[in-house]
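Residue numbers (UniProt numbering): 1 to 1015. For each residue, glycine too, the CB sits at the ideal point set by N, CA and C.
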Amino acid sequence: MSLLSTWRQFQLFDFIPIRDPYLQSHDALYSDPTLSAINATKAYLVIAVNNSILKIINPKNMTCEGQFQAYDIDYRITFIEPVFNSSNLVITLAEKQGFPSIIKLWDLTRILNIEQLEASEYKFKFQTQVAVTENSRGNGAQSENFFPISCFKFNYDLTCLAVGYTNGKVLLIRGDLLRDRGSKQRVIYESVANDPITGIQFNEAEQILYVTTTSKVLTVSTTGRNHGKPLRVLSQKSGANLDCTAAGSKQELIVGLSDSIRYYNPTAKLKTINFDVPKSRIARLHQFILMVSSTDNDNSQKFQSRVIILDTRNNHISLNLLIPQSVIKFTFKINNEIYLLSNDGVLYRLYEKPINQQIELILQRELFSVAFNLAKQSKLPSDTLLRIQTLHADHLFEEQKYDESMDVYISCLGLFEKEPADIGKSAPSEDRDDFIMNVVTKFKEAINTENMVRFLGELYVMSLATVDHITLLLCCLCKLKNLDQIDSFIDELDLSNENLQEFNFPLIINLFKECGFYSQVLRLLYKLNQPNLIVEIQLYDLNKPKLALNYMKTLKIDDLLLILIDQSKKLLDSCPIETTELLINVFTGKYQATESSQGPSTTAPEGKTEYDEKGGESMIELTNYKAFLNYLTLRGGDSENEKTEEASSSLTKEPTYLPPKPNLIYSSFTNHPHEFVIFLEACIEALDKYQGNLMDKKEVLITLLEMYLSLNKKTDESGWLEKAQSIIDQYGDLLDDDSLLLLSHLYNFKPGEIKAREDNGDEEGIFISYKIDENVEGCFKVLQKYGQAKPQLYKMMLEFIVSKREIYEKVNHDDIQEILQQIKKFKLLDPLELISLLNGGESNDSEFVTFGVVKDYLLQYFTTQEQEITNNEKLIEMYEHDSTKNSYKLSELTHPFVIQNNKCSACQLKLDFPMVHFKCKHSFHQKCLSSSLVAKPTSNGNSHYVDDGSEHGPRCPICAQDIIDVNDVKQSQYRMKENVDFFVKSLHESTDTFKFISEYIGKGVMEDESVSIDQ
């Protein structure tokens, strides 16, 4: 206990002892001496008394809402655990020595809604239970529990439960307790030395279980088979006492030892907090650790308990409470409050004091840093934080610690920005102004003027400085005669400060420009972060496009993109190749800003001529991306080689950001079609290589196709048309069909039209297109490719062939016969319709078509029909013969007939009385049909039989199996009528639906299922 003096102690918690309202009465609640377990959900307090009775208590008024017998009377409830984030679900575990322990899940709300709770059958409606055996691999007596359960835990979704025993075993139960879908149990750890299990905690992220014994700390895997062995031993020297473990916020293990608190992760010990206080139990609530130390004096037989709450985030004691003559037996939480139950039946409620009271208690001890950290962690309003810091700074100033005081005053500035203006209060800006004035007033006569400079400089950095503050700052710097700092301050002055809007920057810029001070204008614009204006001056005022390009290459991608959208047209007119290179880098994601100088320059790089600045490269004409890359590799003189190589190699770099949409820059290429083609080809290559946005790729492809077709129309060069064809061949699946069809129509591009119609599934349209052009070969290609999927094309092809003599003469006889066979296969035309079509219908234009075309087709058709009629007649004759034969056999069964058997069909011995004859002409001794025998095969291959107990009396054992098989077949056919989906599917797949339905009815699906075949 001596180490308590090394920790800061505050009484930041209050406690209230709550005595049982029914103390020493028959209806005592938590003061009942038979109480064996207690815990709480968000809405209910649940206690177990008299071994197996559960009482549900309203914690607000401490009244019993209901009670019921949860287990058999000889079971004792030892654990009650609430389900995570539930206000009405609890799990109980009850034990009975020598019998399986039972885990049950209860829905308290539903139980309380039952009328006459004690007499109801709630246990069949509102509980799920699992029987737990100590040895899950045994059965019978070996499965009984002879050792008490020391600890019990479960995971978040109740699919995994762990039970620890005092003999060193840990049992894992896997299942779905919420839905009662069964469970499986196995021993996942078994201590060799039979050390009692003192704690188990789940780490669901790593799927392991922390296990503590009296001598060890270890982890066990909850998946796979570990044969009772630990996954990792975290500590071999020290274990933990019972109830002295808890789970941390990051699923680490917290172990309370007599001299310390240790944290473990799944692989090692994380940290140790030295705290030499005996611990009988610990619990965690947010950043707090509750420690209970119960001690007793054997001589005086006096008990006492010390309750300590540690704030592990701020490293101080938030509560140190001594409860004399009491031992804390149970700890549990209701919402964010801790409850302790002592052995004398008193319930202690621990709760945090209001945060404002906590802050005031700490400020009284002038611990300003502790108060500020606590207020910040509690997310108190900025005015509270500001008050704490102001008191701290004033305290330091009074102690003449000016440097430290100024540090705290500066930190106060950031607190004003987070505070919105409240109704009825002065605006934060006014409070801030008063604060700034107060600080300036305090330090204006101070000997150390550097603190004033620090404060005013911080105001400027935080954009809080006004013109007067900057003026005062410059005066202070002058007073210090620090010329270097003045120069650097002017160079680093951020004129974009919102509070410096009184400076008329446009006027200053225009004044510099009129005077020709472009260096100063650019320096000022650089400080104002106005790259767009810088580029405009370099392009239009200085007329130095390459200088502008060099500066633009130093910008971030967002700033550069805005400038390119506005100025790329002007840049393309002056420097088409270099601008195209920059555009390709930007819109393919490969742009990387070069190192910038302190500010933009107004002069060209050394060695540059006016010709270079104005872009002499515009006389070079490149028409494709490959030629463009070759030019970048070979261009320039010796002085440019290094930069040129860097520029060309940038086109092969990996993307460093998500490229913008290329269509943002399309309008800039209005007068530069070749550069536009180069740009689009580069975009396509990048999109192919790095799997770019599919919609952007489709748009770039259709634009590039339009450029190829447009250039082909303007120049009549075949190369452009070949490139357009290559796009159709390589990227046809990505092109928008409507756009492709429109472009193909505008530029008379036949491959594109065919591709668009194919993608839209308009095979008939393609066929008609070839038909209009009277392209017989094209029609056959379409027929060969889509005929099986679109059989109607065969009919259209036949109509096309017989439409004109010229077309008919181009088609050979075998192709026509193949078309007729396909028409027959798909039943597109009957013979009369076919003859009418070949005859030209009403138009009579097909006089050139001879009968020989369909001669073989008709002969084959009529032969097939005749053969089918012959087959049907034979089937009818066969069915009539079988029907007559079966009718005769049935009629014989209704008349007496003579049985001349002299041997028993079962034992093959001579028949003697009593005997049994069956109509199937089998005879048996009556003893061979005794009802005490069972139909089983014997070792010699014969069988003996019995009456099967059917309502029809004894059956012939020889024929009985055949009758059963026939009845099973009929029953399976009867069940077919219930399988509607199978019937519909088979009907659609059948080529002759009438025949299929006839056969289906013939299987007996319309007959009465109660009729069966029997003797």
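Comparing C-alpha distances from Glu252 to each of Gln201, Glu764 and Lys750 shows the shortest one belongs to Gln201. Shown here for Ile173: same chain residues with a beta carbon closer than 8 Å to its own, the five before and five after excluded, namely Ile103, Val130, Val132, Cys160, Leu161, Ala162, Val163, Ser183, Lys184 and Gln185 in chain order. Taking the Cβ atoms as the reference, Asn336 lies roughly 43 Å from Tyr402, outside the contact range of under 8 Å. Assignment of beta strand (DSSP E) within the stretch 312–378, counting only whole runs of 3 or more residues, yields 316–324, 328–334, 337–342 and 346–352 in chain order. With three or more CB-CB distances shorter than 8 Å, the stretch 77–93 counts as touching the stretch 45–54. Per DSSP, the unbroken beta strand (DSSP E) holding Cys160 starts and ends at Cys160 to Tyr165. Within a 10 Å sphere around the beta-carbon of Arg262 sit 16 or more other beta-carbons, which makes this residue buried.
The residues Ile728 and Gly732, in chain order, have a CB closer than 6 Å to that of Lys755 in the same chain once the five nearest residues on each side in sequence are set aside.
Linking Leu742 to Met462 through their CA atoms gives a straight-line distance of about 58 Å.
In the same chain as Gly256, and ignoring 5 residues on each side of it, the C-beta atoms closer than 6 Å to its own belong to Cys244, Lys279 and Ile282, in chain order. Per the coordinates, the alpha-carbon of Ile557 lies some 27 Å from the alpha-carbon of Leu622. Counting along the chain, the unbroken beta strand (DSSP E) around Val255 starts and ends at Leu253 to Gly256.
No Cβ-Cβ contact shorter than 8 Å links Gly228 with Tyr165. Under the three-state reduction of DSSP, Asn550 is assigned to helix. Runs of beta strand (DSSP E) with 3 or more residues, each lying fully within the stretch 32–73, are found at 37–40, 45–49, 53–58 and 63–69, listed in chain order. Of Asp434, Asn167, Ile47 and Met797, the smallest CA-CA separation from Thr213 is found for Asn167.
Within the same chain, and ignoring the five residues on either side of His745 in sequence, the residues whose Cβ sits closer than 8 Å to its Cβ are Glu753. Pairing Asn85 with Phe587, the inter-Cα distance amounts to about 50 Å. Sorting Gln377, Leu539, Thr449 and Val408 by C-alpha distance to the C-alpha of Phe435 places Val408 at the top. With contacts defined as CB atoms closer than 8 Å, Cys904 and Cys928 qualify as a contacting pair. Rounded to whole angstroms, Asp176 and Asp157 show a C-alpha spacing of 8 Å. In the structure shown, Lys889 falls within a helical segment according to DSSP collapsed to helix, strand and coil. Around Tyr348, the same chain offers Phe15, Pro17 and Leu340 as residues with beta carbons nearer than 6 Å, after the five sequence neighbours per side are excluded. Secondary structure in the stretch 384–453: the alpha helix (DSSP H) runs of 4 residues or longer, each lying completely within the stretch, are 402–416 and 428–443 in chain order. Cβ contact annotation for Leu561 (same chain, cutoff 8 Å, sequence separation greater than five): Val586, Pro660 and Leu664, in chain order. The beta carbons of Val439 and Phe416 sit about 12 Å from each other, so the pair does not count as a contact at 8 Å. The alpha-carbon separation between Thr223 and Glu204 amounts to approximately 11 Å. Taken atom to atom, the span from the alpha-carbon of Lys546 to that of Ser726 is near 36 Å. With contacts defined by Cβ atoms closer than 8 Å, Arg306 and Thr267 do not form a contacting pair. Check the Cα spacing between Asp716 and each of Tyr747, Gln730 and Asp688: the tightest is with Tyr747.
If you ignore the 5 residues before and after Leu322, its C-beta comes within less than 7 Å of the C-beta of Gln304 and Arg306, all in its own chain and listed in chain order.
Beta bridge pairing from DSSP links Pro17 with Tyr348. Annotation for Phe13: Ile309, Ser318, Leu319, Leu350, Tyr351, Glu352 and Lys353 place their beta carbon closer than 7 Å to its own, counting only its chain and skipping 5 residues before and after.
Excluding the 5 residues flanking it on each side, Asn194 has same chain C-beta neighbours closer than 6 Å at Asn167 and Gly168, in chain order.
Its chain contains no residue whose beta carbon lies nearer than 7 Å to that of Lys785 once the 5 sequence neighbours on both sides are disregarded.
In the structure shown, Ser305 falls within a strand segment according to DSSP collapsed to helix, strand and coil.
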